[in-house]
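Chemist: What follows is a structure written as structure tokens; I'll ask about it next.
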Amino acid sequence: MSNTQTAIIALIADELGVRANQIAAAVELLDGGATVPFVARYRKEVTGGLDDTQLRTLEERLGYLREMEERREAIVQAIEEQGQMTPALRADLDKATTKQRLEDLYLPYRKKRRTKAQIAREAGLEPLADHLLADPSLDPEHEAAAFIDSATGESRGVEDAKAALDGAKQILMERFSEEAELVGRLRERLWEDGQLRARVVKGKEAEGAKFSDYFEHDEGLAKTPSHRALAMFRGRKEGVLSLALAMAGEDDAPIHPAEVAIARHVGIGLGAEQPASRWLKEVVRWSWRVKLYTHLETELMGRLRERAEQEAIDVFAANLKDLLLAAPAGPQATLGLDPGLRTGCKVAVVDATGRFLEHATIYPHAPQKRWDEALATLVKLVERHEVTLVAIGNGTASRETDRLAAELVKRVAPRQLAKVMVSEAGASVYSASALAAREFPDLDVSIRGAVSIARRLQDPQAELVKIDPKSIGVGQYQHDVSQVNLSRSLEAVVEDCVNAVGVDLNTASSALLARVSGLSTMLADNIVARRDREGPFRTRKELLDVDRLGPKTFEQCAGFLRIMNGTNPLDASAVHPEAYPLVARIAERNGRELRGLIGDSRYLKSLKPSDYVDDAPEGNKAFGLPTVIDILAELDKPGRDPRPEFKAATFREGVEKIGDLEPGMLLEGAVTNVTHFGAFVDIGVHQDGLVHISALADKFVDDPRQVVKAGDIVKVKVMEIDVPRQRIGLTMRLGDTPGEKKGADDRKGAGERRTDGGKSRHGNANRGHQSSRQGGDRQAAPPSGAMAEALRKAQRRT
């Protein structure tokens, strides 16, 4: 292992708080093609039990640090080629721990366009700059006279003393702005103590009303939360806001704090009254205003955006994980209803495995109002296919269709039929996709949507993986962040969630199979083709018969694929085939048949895991204590699903639109999105309400996810209704009284609105300021009434 690799491993180990040998082992596995889910689940002995979160962080940091090492080598080579490398510079480059530090050190040596400072050096003015900097007692005009063309007898463009001094000033300005230590200190000071100032562009007040919170807004740069930073950046992009950075104390100080810092660093006395002092002060002033401020403002705005984007991506990833691990209703025959008015409601029935059976279109609502006919059609479908679940999409006309489903439940009694409202975010994206066309080439796009709604109730994860994660609608300013970073993060979440649950090899779609550790889209298609051609898989070993699926891929994927009712009962569990010999030995040592041992909880809990640790006889694999513990737990509950028990929100009868709400109403709803400033809850009125972070609990809440997550069923009280702006203020502190002033934990931010996704089934969030059920972005805007008053007081406190 190279010294560089050793250093990288040591650094990551220190950051994660684990041993270096754990990191080294994980790096070797990942470099060898192993996936994070596989390493986390089946190589615990090798990595010392690193979990998937640690491994994802390791993977990200490893990439960053390796890129930094490549950049370090390139910089060293470039400086050496210029013949300017010194032992001190090389030591500084070797000690640099961030890309930013490397670039600061490289700045004076970077090839650049011909600058004013370079022109001044070519004109021979550097000695003048050096003399005046070293000895402020010199008279600038007198010293400059020796450098003008008439005095030197050369034509170098230095016509007079002013031109000479201007050239010398440019040389010092460039020198100061390329001092790595100075730039680094100013950067961190501006980041920690600086303020972000947002101002409305003159004449844009009406056009940019949605950004009115930021028309005259000052906030600590390092403390600006993600959603507010991204809102301000969007306002600037739309030409409504101007953004600038200010250093703490600059408005009141006689000399800008940054100028004081520059002068101190380069040894210029700002209080001195020597002949060159005034000129040197001017050099310092212009070094800050012309060179350093512009450079640092660009950098720090970039840092703020990068941090805000990462936080937004983290929010999106967390919400997506909650959705993908939401409880499935299970394998039941399900009728999917995609509500509509003029075009009717699309109906699709799928069997317990999600196989499409039949479809219809009904017109129970205006303008046709064929209610009885629609009910009769639904009754026939329910009885013909023994349907036990009805999934209702939550789009337009969903509450009207929910009433229809409620009457259907009564019509078919005593048959047990349950109705559930289902989020249809992204359903249209799936319906029009190439994947849907391959699945249902003969079905209309709208019917495919009804199928998706039905399947989403049966197993949310299996259906949601068919949709681009960005279209699922649980993001925050998702279109304002790096799409590359967003996709990478979301893909990792999908991979981890799918492998945490496991996949039925004989029923999974190719889209779901492609998310399994080690499998690609091509291999997933090959698995489905083999399944269609030769029938269900009977053992995991038959995977090796799939085209282009070799032993290495088999090792990565086999443990995450399940075969129900197969030849080997272990194939239905998370026990990896490589551990089957160990399970056989456990059964043999206890005189038990394998099938009898599986599920015998009392007996399995009586076994001592350490008795079965294998020290790897020659030719066999070692099985340490973590693997034995996992295997015994899996034998106890084979193929157990980590997802919670299924629950659905019950919406209040008669409350179907925002106008039906009244302050003080107690309602049940489903959490649809969790952001840094609170949670959005679907209460069945086509518009999510906001529970601000201060109203989530009776105690201080730092992170809303400490209290709720996407998919949770919660009780809320209506606090405010703003019908014109389609805004609903909710609280989970059920003792709160509408109109009363909130407690001391209120903070600025309740006025921030849900963004990116909202209720859009298309997942398209680039529609500007919308609040309708089908809207996408809901831009930050000021709260009203009691909430606004509470926020103003909270803002003064903070």
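Everything in the sequence shown is counted per my numbering, starting at 562 for the first residue and increasing by one. Glycine included, C-beta positions come from ideal geometry on N, C-alpha and C. Quantities reported herein were computed from a predicted structural model and do not represent experimental measurements.
Look up E715 in the DSSP assignment and say whether it is helix, strand or coil.
Modeler: Translated into positions along the sequence shown, residue 715 becomes position 154. It is coil, neither helix nor strand.
Chemist: Give the straight-line distance between the Cα atoms of T1233 and A585, rounded to the nearest whole angstrom.
Modeler: Indexing the sequence shown from 1 puts residue 1233 at position 672. Indexing the sequence shown from 1 puts residue 585 at position 24. Those two C-alpha atoms are separated by around 40 Å.
Chemist: By Cβ distance, which residues of its chain are closer than 8 Å to E630, with the 5 residues on each side in sequence left out?
Modeler: On the sequence shown, residue 630 is found 69 positions in, with the first residue counted as 1. Closer than 8 Å at Cβ, skipping near neighbours: T565, I569.
Chemist: Using the C-alpha atoms, what's the distance from H856 back to L663?
Modeler: Locating residue 663 in the sequence shown gives position 102, where the first residue counts as 1. Locating residue 856 in the sequence shown gives position 295, where the first residue counts as 1. Approximately 16 Å between the Cα atoms of the pair.
Chemist: By the three-class DSSP mapping on this structure, what secondary structure does E1139 have?
Modeler: Here residue 1139 corresponds to residue number 578 of the sequence shown, with the count starting at 1. DSSP places E1139 in helix when its eight states are reduced to three.
Chemist: Assuming L1073 and V1012 are in contact, meaning their beta carbons sit under 8 Å apart, how far apart are those beta carbons, in whole angstroms?
Modeler: Mapped onto the sequence shown, residue 1073 falls at position 512. Mapped onto the sequence shown, residue 1012 falls at position 451. 15 Å between Cβ atoms; not a contact.
Chemist: When we look at the beta-carbon of H920 and count the other beta-carbons within 10 Å, is it buried (16 or more) or exposed?
Modeler: By one-based count along the sequence shown, residue 920 stands at place 359. Burial call: buried.
Chemist: Where are the alpha helix (DSSP H) runs, 4 residues long or more, that stay fully inside the segment 940-998, in chain order?
Modeler: Those alpha helix (DSSP H) runs which fall completely within the segment 940-998 and span 4+ residues are 959-972, 988-992.
Chemist: For G781, write down the residues that DSSP places opposite it in a beta bridge.
Modeler: As a first step, residue 781 is located in the sequence shown; it is residue number 220 there, counting from the start. DSSP, once it has assigned bridges, lists Q756 as partnering G781.
Chemist: Mapping the DSSP letters down to three states, classify T608 as helix, strand or coil.
Modeler: For the purposes of this step, residue 608 is taken as the residue at position 47 of the sequence shown. Residue state, collapsed to three classes: helix.
Chemist: Suppose contacts are defined by Cβ-Cβ distances below 8 Å. Is G956 in contact with V983 by that definition?
Modeler: The residue given as residue 956 occupies position 395 in the sequence shown. The residue given as residue 983 occupies position 422 in the sequence shown. Not in contact: G956 and V983 (Cβ atoms no closer than 8 Å).
Chemist: If you draw a straight line from the alpha carbon of S1171 to that of P1265, how long is it in whole angstroms?
Modeler: In the sequence shown, residue 1171 corresponds to position 610, counting from 1. In the sequence shown, residue 1265 corresponds to position 704, counting from 1. The straight-line gap from Cα to Cα measures roughly 41 Å.
Chemist: Is the beta carbon of T1082 less than 8 Å from the beta carbon of A1090?
Modeler: Here the question's residue 1082 lines up with position 521 in the sequence shown. Here the question's residue 1090 lines up with position 529 in the sequence shown. No; because the gap between Cβ atoms is not below 8 Å, this pair is not in contact.
Chemist: Smallest Cα separation from H1040: which of L884, A869, L950, S989?
Modeler: Position 479 of the sequence shown holds residue 1040. When only C-alpha atoms are compared, the closest one is A869.
Chemist: Assign S994 to buried or exposed, taking buried as 16 or more other Cβ atoms, counted over all protein chains shown, within 10 Å of its Cβ.
Modeler: Residue 994 sits at position 433 when you count from the first residue of the sequence shown. S994 is buried by the Cβ-count criterion.
Chemist: Taking the beta carbon of K882 as the centre, do at least 16 other beta carbons fall within 10 Å, making it buried, or is it exposed?
Modeler: Within the sequence shown, residue 882 is the residue found at index 321, counting from 1. Label assigned to K882: buried.
Chemist: Restricting to Cα atoms, I'd like to know which of E683, D774, L616 is closest to D760.
Modeler: As a first step, residue 760 must be located in the sequence shown, where it is residue number 199. According to the sequence displayed, residue 760 carries Arg and not Asp. Nearest of E683, D774, L616 to R760, Cα basis: D774.
Chemist: Which stretch, first to last residue, makes up the beta strand (DSSP E) that contains H826?
Modeler: The residue given as residue 826 occupies position 265 in the sequence shown. Run containing H826: none in the beta strand (DSSP E); it sits in the alpha helix (DSSP H), 818-827.
Chemist: By Cβ distance, which residues of its chain are closer than 7 Å to I823, with the 5 residues on each side in sequence left out?
Modeler: What you label residue 823 is simply residue 262 of the sequence shown in a count that begins at 1. Cβ neighbours of I823 beyond the five flanking positions: F737, L743, V845, S848, W849.
Chemist: What separation, rounded to the nearest whole angstrom, lies between the Cα atoms of L885 and I1274?
Modeler: Numbered from its first residue, the sequence shown carries residue 885 at position 324. Numbered from its first residue, the sequence shown carries residue 1274 at position 713. Each residue's Cα considered, the two are about 16 Å apart.
Chemist: Kindly identify the DSSP beta-bridge partner or partners of G1239.
Modeler: Sequence index remark: in the sequence shown, residue 1239 carries index 678 (1-based). Paired residues: T1236, H1253.
Chemist: Taking the straight line between their C-alpha atoms, what separation do you get for A741 and L865?
Modeler: Numbered from 1 along the sequence shown, position 180 holds the residue referred to as residue 741. Numbered from 1 along the sequence shown, position 304 holds the residue referred to as residue 865. Each residue's Cα considered, the two are about 21 Å apart.
Chemist: Assuming Q1037 and V876 form a contact by the criterion Cβ under 8 Å, report the distance between their Cβ atoms to the nearest whole angstrom.
Modeler: The residue labelled residue 1037 in the question sits at position 476 within the sequence shown. The residue labelled residue 876 in the question sits at position 315 within the sequence shown. Confirmed, Cβ separation roughly 5 Å.
Chemist: In the DSSP assignment, the beta strand (DSSP E) including S803 goes from what residue to what residue?
Modeler: The residue given as residue 803 occupies position 242 in the sequence shown. From DSSP, the beta strand (DSSP E) with S803 extends over 802-807.
Chemist: Does DSSP put M734 in a helix, a strand or coil?
Modeler: Indexing the sequence shown from 1 puts residue 734 at position 173. Residue state, collapsed to three classes: helix.
Chemist: DSSP three-state label for K1354, please.
Modeler: Sequence index remark: in the sequence shown, residue 1354 carries index 793 (1-based). Annotation note: pLDDT 38 at K1354 (below 50); position unreliable, coordinate value reported separately. Three-state DSSP puts K1354 in a helix.
Chemist: In whole angstroms, what is the alpha-carbon distance linking F794 and G764?
Modeler: Counting from one through the sequence shown, the residue named residue 794 turns up at place 233. Counting from one through the sequence shown, the residue named residue 764 turns up at place 203. Whole-angstrom Cα-Cα distance: 19 Å.
Chemist: May I have a chain-ordered list of the alpha helix (DSSP H) segments no shorter than 4 residues that lie completely inside the segment 844-921?
Modeler: 854-885
Chemist: Go ahead and label L1227 buried or exposed: buried means 16 or more other beta carbons lie within 10 angstroms of its beta carbon, across all protein chains shown.
Modeler: Numbered from 1 along the sequence shown, position 666 holds the residue referred to as residue 1227. Exposed, because fewer than 16 other Cβ atoms sit within 10 Å of the Cβ of L1227.
Chemist: Please report the Cβ distance between V1077 and F1115, rounded to the nearest whole angstrom; I am assuming they are in contact, meaning their Cβ atoms lie under 8 Å.
Modeler: Along the sequence shown, read from residue 1 onward, the residue named residue 1077 stands at position 516. Along the sequence shown, read from residue 1 onward, the residue named residue 1115 stands at position 554. The pair is not a contact, with the Cβ atoms about 12 Å apart (cut-off 8 Å).
Chemist: To the nearest angstrom, how far is the alpha carbon of E641 from that of P648?
Modeler: Your numbering for residue 641 matches position 80 in the sequence shown. Your numbering for residue 648 matches position 87 in the sequence shown. The alpha-carbon atoms of E641 and P648 are separated by roughly 11 Å.
Chemist: For E735, I'd like the list of residues in its chain whose CB is within less than 6 Å of its CB, leaving aside the five on either flank, ordered along the chain.
Modeler: What you label residue 735 is simply residue 174 of the sequence shown in a count that begins at 1. Same-chain partners within the cutoff: A678.
Chemist: So for I573, helix, strand or coil by DSSP?
Modeler: Taking the first residue of the sequence shown as 1, we reach residue 573 at position 12. Here I573 sits in helix by DSSP.
Chemist: Mark T895 as exposed unless 16 or more other C-beta atoms lie within 10 angstroms of its C-beta, in which case mark it buried.
Modeler: Along the sequence shown, one-based indexing puts residue 895 at 334. Flag for T895 reads buried.
Chemist: Since L1291 and V1277 should fall inside the 8 Å C-beta cutoff, what is the C-beta to C-beta distance between them, to a whole number of angstroms?
Modeler: Locating residue 1291 in the sequence shown gives position 730, counting from the first residue. Locating residue 1277 in the sequence shown gives position 716, counting from the first residue. Right, the Cβ-Cβ distance comes to about 4 Å (below 8 Å), so this counts as a contact.
Chemist: In the DSSP assignment, the beta strand (DSSP E) including G1157 goes from what residue to what residue?
Modeler: Your numbering for residue 1157 matches position 596 in the sequence shown. Unbroken run through G1157 is the alpha helix (DSSP H), 1155-1158; no beta strand (DSSP E).
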